[in-house]
Amino acid sequence: MARVQLVIPDEDRDRFFHQARREGMTLSAWLRTAARERLEEQQHSNPFKSSAEIKRFFQACDAMEGPEVEPEWNKHLDVINHSQRRGASNT
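See the structure below:
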């Protein structure tokens with residue numbers, strides 16, 4: 003097993019240490035777990051690789067069944083402003 007030296011501010015070390023203890027882990031185990039979770043999170047994100055992919059994504063969204071066309075922005079603002087004047091939401 004490799005050993006890694008990590009330089010972090012004392013207050014971060016204290017916060018990490020206390021959280022590790024709350025979770026019943028050593029600081030080392032807690033940091034490894036946090037790093038693995040971060041890697042898994044990044045591996046599951048699939049960023050668009052081109053503008054063509056983005057266009058296909060939004061075309062697929064448009065083709066999905068759902069509510070009718072969204073109201074224009076000024077209609078949204080009217081609802082927001084009306085709600086603020088009344089102090090309650092109509093949605």
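Per the working numbering, the very first residue in the sequence shown carries number 3; after that it's consecutive.
Ideal Cβ placement from N, Cα and C applies to all residues, glycine included.
Please read these numbers as outputs of a predicted model, since none were measured by experiment.
Euclidean distance between Cα positions of residue i and residue j
i	j	result
S66	H84	Inspection of the sequence shows that residue 66 is occupied by Met rather than by Ser. Between M66 and H84, the C-alpha separation is close to 31 Å.
I82	R88	10 Å
E70	Q44	34 Å
E39	S52	27 Å
D16	S30	13 Å
D64	Q86	31 Å
E25	I10	21 Å
L41	K77	42 Å
V109	N48	The structure shown does not extend to residue 109, since the chain is modelled only from 3 to 93, so the question has no answer here.
P73	A54	27 Å
CB contact flag (residue i, residue j, <8 Å)
i	j	result
F18	L33	yes
Rounded distance between the beta-carbons of residue j and residue i, thought under 8 Å
i	j	result
A22	T28	6 Å
Contact set for residue i: own chain, Cβ-Cβ below 8 Å, skip 5 residues either direction
i	result
I56	F50
R58	none
L8	L33
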